[in-house]
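Q: Structure provided below as structure tokens; questions to follow.
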């Protein structure tokens, strides 16, 4: 239960490598995938976590090994959060920047395409904000977390 099959420091190194890899992979996949999980995306994340488990534990199934891996991931996540808070360049690299989808009724199709945001998803966000069409929108922004913030023209008359 407490006997490790690999040294403790190897757990830490393996977890750091997997964490950085997954962070980069999820960052590349875009904002929409992270902010709006569909059932397919949830299944992908579950399978992905199972796929990287063995690369983190090196075949060790001990209790202590699991505790070391979990602690490493939580500490690493905390440190990355602190680094992002303190360093704007790192914040941009990890979290990205909000992107304007609509401004004064003008839709930016290129940004929607880059963000892999469909018209159906955008229209759902508009309806949720009380706008029935693009012309009613002063500004629609794709936030870092994948949500769409909409401000109607009525509020800015």
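Residue numbers (this note's numbering): 2 to 158. Idealized CB from N, CA, C, for every residue including glycine.
Across which residues does DSSP place residue 76 in a beta bridge pair?
A: Looking at the DSSP assignment, residue 76 forms no beta bridge with any residue, so it has no partner.
Q: Give a yes or no on contact between the stretch 115-122 and the stretch 74-83, applying the rule of three or more CB pairs nearer than 8 Å.
A: Contact annotation: the stretch 115-122 does not touch the stretch 74-83, with fewer than three C-beta pairs closer than 8 Å.
Q: To the nearest angstrom, how far is it from the Cα of residue 106 to the Cα of residue 140?
A: 8 Å
Q: Hey, how far is the Cα of residue 155 from the Cα of residue 137?
A: 8 Å
Q: Verify whether the separation of the beta carbon atoms of residue 67 and residue 7 is less than 7 Å.
A: no
Q: Tell me which residue opens and which closes the alpha helix (DSSP H) that residue 133 is part of.
A: Segment: none, residue 133 is in no alpha helix (DSSP H) and carries neither H nor E.
Q: Using the beta-carbon count (16 or more within 10 Å), is residue 91 buried or exposed?
A: exposed
Q: Grouping DSSP H, G and I as helix and E and B as strand, with all else coil, what is residue 5?
A: Looking at residue 5 - three-state DSSP - the assignment turns out to be coil, as it is neither helix nor strand.
Q: Spatial neighbours of residue 25 within its chain, please: C-beta separation below 6 Å, excluding the five flanking residues on both sides.
A: Answer for residue 25: no residue qualifies.
Q: Mind checking who residue 153 pairs with in its DSSP beta bridge?
A: 138
Q: Expressed to the nearest angstrom, what Euclidean distance is found between the alpha-carbon atoms of residue 71 and residue 55?
A: 13 Å
Q: Assuming residue 77 and residue 17 form a contact by the criterion Cβ under 8 Å, report the distance between their Cβ atoms to the nearest whole angstrom.
A: 6 Å
Q: Quick check on residue 158: does DSSP put it in helix, strand or coil?
A: Caution is warranted here: a pLDDT of 48 is assigned to residue 158, below 50, making its placement in the model unreliable, and the coordinate value is therefore given only provisionally. Coil.
Q: What three-state label does DSSP hand residue 102 in the structure shown?
A: strand
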